[in-house]
Every structure is written in structure tokens, then in C-alpha cells.
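Each position in the sequence shown, counted from 1, maps to that position plus 8 in this note's numbering.
All residues carry an ideal CB built from backbone N, CA and C; glycine is no exception.
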Amino acid sequence: MPYDAETLVVGCGNILFKDDGFGPEVINALEDYFKDKEMPNDIMLIDAGTGATHFIFTLPNESWKKLIVVDVVEFDAEPGTLKLFSPYDMPRGAYENVHSWPVEEPLHDLAEKIEVIIVGCKPKEISAPEVDMGLSEPVKDAIPKAIEMILKEIGV
9 MPYDAETLVV GCGNILFKDD GFGPEVINAL EDYFKDKEMP NDIMLIDAGT
59 GATHFIFTLP NESWKKLIVV DVVEFDAEPG TLKLFSPYDM PRGAYENVHS
109 WPVEEPLHDL AEKIEVIIVG CKPKEISAPE VDMGLSEPVK DAIPKAIEMI
159 LKEIGV
């Protein structure tokens, strides 16, 4: 499936590992939000799971103008805190998904061509390798604010 839109909102993470499922859960909530509202034609919502690094970020489309990544990010804050990050806020080698695949390098490369922002949520618990589905309360409670941030970024 080609990801042919001007703005992609990509939820990253693994729902099997507690708060790592934040990105996919936000995409699900955005899909629910747009069920009775018109979503702009040039926006695409993608639940990328853990495959974004290899299957999306490394296969850019010439139509892309903006990439909004939604994921958990470790930073100095209380669990559930949201922050907008630039890919350059994360040094190469410092931001990896739970499978130890570096995420920031393809984002740095993309940011040379298009606008890239990360809506990051401080996790309370990443359960990997133990399976523990469902977000912690502070991360779950952050979803409405994350949606507000994304809607602002896409101009809705």
C-alpha cells in the first residue's frame, strides 16, 4: 500500500508491551474521532506497530510534506507527560524501539526533506519482554491531549 498523502500521522509501538502501545492507541482514537467528522484528504493515519522504521520511514513518497510520529519517548518527566520533539532532539543511537532498532536515524534522514515532528509520551512501564496489554493510567489519560496536539499540527 503506498503511503501517498501530504501528511502522515504514524503511530509506532507494540500493543503487547504495556505503554509501548501508545502510538497505535492514539491512531485508533483518531480514527474514532474522524468517524463522524471529515478528515482532510491529504492526511493519512497509519498504525505502524513496530514496522515503521523499516517499512515507512525508509520508503518516503515524493508527496510527503509532513510526518507526525506518535510514540513513547523516555525523557525527564512524569509518566503520561506529552512533548513535541524534533528528530534532532534525539541524538543518533539514543532512541530505539523495543527491538533495539534505531528509529532516529531514518527520521533524521527524512527531516532533511520534509517536516518531521514526534508527539512523545513519557511511559510509565514498558513490559517487554513480558506481554502485558493495555496502557497504564497516566499514559491512557494522555490520549485526548495527544489528539489535540495532532489536530493542531494537521490544521483541524
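Residue i to residue j span [Cα, whole Å]
{"i": "Cys20", "j": "Ile134", "result": "14 angstroms"}
{"i": "Ile125", "j": "Glu161", "result": "9 angstroms"}
{"i": "Ile54", "j": "Cys129", "result": "18 angstroms"}
{"i": "Asp149", "j": "Gly88", "result": "7 angstroms"}
{"i": "Val80", "j": "Lys91", "result": "10 angstroms"}
{"i": "Gly59", "j": "Asn22", "result": "10 angstroms"}
{"i": "Ile158", "j": "Leu75", "result": "11 angstroms"}
{"i": "Pro137", "j": "Val147", "result": "19 angstroms"}
{"i": "Glu120", "j": "Lys45", "result": "33 angstroms"}
{"i": "Phe30", "j": "Pro131", "result": "8 angstroms"}
Opposing strand residues paired with residue i [DSSP bridges]
{"i": "Thr58", "result": "Per DSSP, none; premise fails for Thr58."}
{"i": "Ile125", "result": "Ile76"}
Buried versus exposed call for residue i [16 or more other C-beta atoms within 10 Å across all chains shown]
{"i": "Gly163", "result": "exposed"}
{"i": "His139", "result": "The sequence as given places Val at residue 139; His does not occur at that position. Exposed is the call here."}
{"i": "Ala13", "result": "buried"}
{"i": "Pro152", "result": "exposed"}
{"i": "Ala56", "result": "buried"}
Quiz item: Are there three or more Cβ pairs, one per stretch, closer than 8 angstroms when the stretch 41–57 is compared with the stretch 80–99?
Solution: no
Self-check item: the stretch 143–157 in contact with the stretch 16–34 per 3-pair CB rule at 8 angstroms
Solution: yes
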